[in-house]
Amino acid sequence: MSAVQAAGSPRVGIAEWFRVSLGAVLGVAAVGAISQWVEGASGWTQLAWLVAPIGASAVIVFALPSSPLGRPWSVIGGNTLGTLAGITCALWIGPPWLAAGMAVGGAIALMLQARCLHPPGGAAALLAVLTHTTDWRFAFMPVALNSALLVLCALLWHAATRRPHPAPQPAADAVLPNADELSSAIDAAVARYGEVLDIDRATLRGLLEDAQTQAYQQRLDSVRCSDIMQRDVQTARPDDSVADALHRLEEHGIKALPVIDAQRQVIGIVTAADLRTDPDAAPSAMRESATPVAARMTRRVQVVSAARHLSELIPLFAGSGHHHIPVVDDAARLVGMITQSDVMRALHRPAQQGHPDTTG
């Protein structure tokens with residue numbers, strides 16, 4: 001695929017291509033016929049009965065039904081306010097080039113303020129200046145009438161062809177794919193959607209990646225250690241034997257034991273590797289060792305408060321080599337344990353979910 005093709009509008013199926021094109025034919029023809037009849041019946045023979053910006057509006061309401069630019073208020077309000085801006089500039093500004101610029105800029109300002117941004121509204125403003133239209137009725141007949149009729153035709157056509165307008169957004173999965181999976185996922189989703197989207201593929205991917213990053217950041221900033229820590233923590237006392245501590249690790253299938261004193265304050269931590277520091281000793285001898293845990297434990301222990309946010313744990317695990325971090329309360333008493341696995345689970349599971357009962 002060439003660069004030009006890749007940057008253009010995505011292809012749609014034959015059925016959608018025919019449905020959109022035929023809808024525009026019937027819609028614009030109906031708008032023209034009804035507006036011409038109204039113009040003749042009203043006696044406003046000095047006014048046009050159909051304006052060119054309606055053609056641009058038709059592209060949006062029939063081909064881009066998911067776009068906020070094609071919502072009913074955007075079409076009617078945008079075209080009408082744009083025309084009023086053009087008429088005002090045609091009346092009060094002399095040089096046509098200045099009037100044209102002021103009209104388009106004023107139309108954009110009005111549409112943004114009124115929350116009805118619609119690109120053809122800029123064309124409607126320019127049309128009023130170029131034709132030097134100064135009759136205020138022109139903004140309502142034919143522009144507002146054309147716009148309202150076009151919206152009505154689009155609503156009826158999309159309903160008749162079972163494409164609700166405005167088109168509902170498909171429900172998103174609870175978990176966004178990673179960056180490597182986004183490309184194929186976007187292509188599959190757009191193909192299933194079956195309509196032209198007024199956003200290019202690269203921008204859509206960028207938005208999804210940014211949304212994923214923001215979702216992770218919000219999760220990191222909202223979850224505290226107390227939300228994900230393991231509360232039923234196996235511990236050791238400094239005078240416990242190496243044999244007892246090793247048995248406890250093997251029995252519960254865990255890798256570390258915080259060492260606590262009588263007030264449950266953390267004074268050390270011991271792992272299976274710490275307990276097997278004698279390379280010459282047989283495994284059976286280690287299980288029978290009466291050496292106290294205090295002789296093998298690491299005394300400088302990194303602990304975290306239960307109120308600490310998850311975002312503050314990432315540097316501890318990523319940069320300091322920690323795998324297990326005891327969690328303490330305001331009185332420095334042990335209340336839980338957090339592992340790298342707990343942090344990863346917290347990033348990839350719903351916020352409301354139970355916690356495991358043993359350290360891993």
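If you read the sequence shown in the UniProt record's numbering, its first letter stands for residue 1, the second for the next number, and so on. All C-beta atoms in this analysis are idealised placements derived from N, C-alpha and C, irrespective of residue type, glycine included.
Given 8 Å as the limit, is there contact between the region 85-93 and the region 125-140, that is, 3 or more CB pairs closer than that?
-> Because the criterion of three Cβ pairs below 8 Å is met, the region 85-93 and the region 125-140 touch.
Under the three-state reduction of DSSP, which class applies to residue 59: helix, strand or coil?
-> In the structure shown, residue 59 falls within a helical segment according to DSSP collapsed to helix, strand and coil.
For residue 82 and residue 156, the rounded distance between their alpha carbons = Computed Cα separation, rounded: 26 Å.
Leaving out five residues before and five after residue 325 in sequence, what residues of the same chain have Cβ atoms less than 6 Å from its Cβ?
-> Contacts found: 302, 304, 338.
Could you check the C-alpha separation between residue 341 and residue 265 for me, to the nearest Å?
-> If you take the alpha carbons of residue 341 and residue 265, they lie about 24 Å apart.
In the DSSP assignment, find the alpha helix (DSSP H) that holds residue 292 and state where it starts and stops.
-> Boundaries for residue 292: no alpha helix (DSSP H) harbours it, and the DSSP string shows neither H nor E there.
Can you give the Cα-Cα distance for residue 107 and residue 114, rounded to whole angstroms?
-> Their Cα atoms are separated by approximately 10 Å.
Roughly how many angstroms lie between the CA atoms of residue 250 and residue 223, to the nearest whole one?
-> Each residue's Cα considered, the two are about 31 Å apart.
Thinking C-alpha only, which one of 274, 76, 292 is nearest residue 145?
-> For residue 145, the nearest C-alpha among the options comes from 76.
Under the three-state DSSP convention, the category residue 87 falls into = Correct three-state label for residue 87: helix.
Residue 307 - containing beta strand (DSSP E), residue span = Looking at the DSSP string, residue 307 is not in any beta strand (DSSP E), and its letter there is neither H nor E.
Identify which residue in 300, 297, 315, 54 has its Cα closest to the Cα of residue 148.
-> The shortest C-alpha to C-alpha distance from residue 148 to any of 300, 297, 315, 54 is the one to 54.
The region 257-272 in contact with the region 221-238 per 3-pair CB rule at 8 Å = Short answer: they touch.
For residue 268, the first and last residue of its enclosing beta strand (DSSP E) | Run containing residue 268: 266-271, per the beta strand (DSSP E) assignment.
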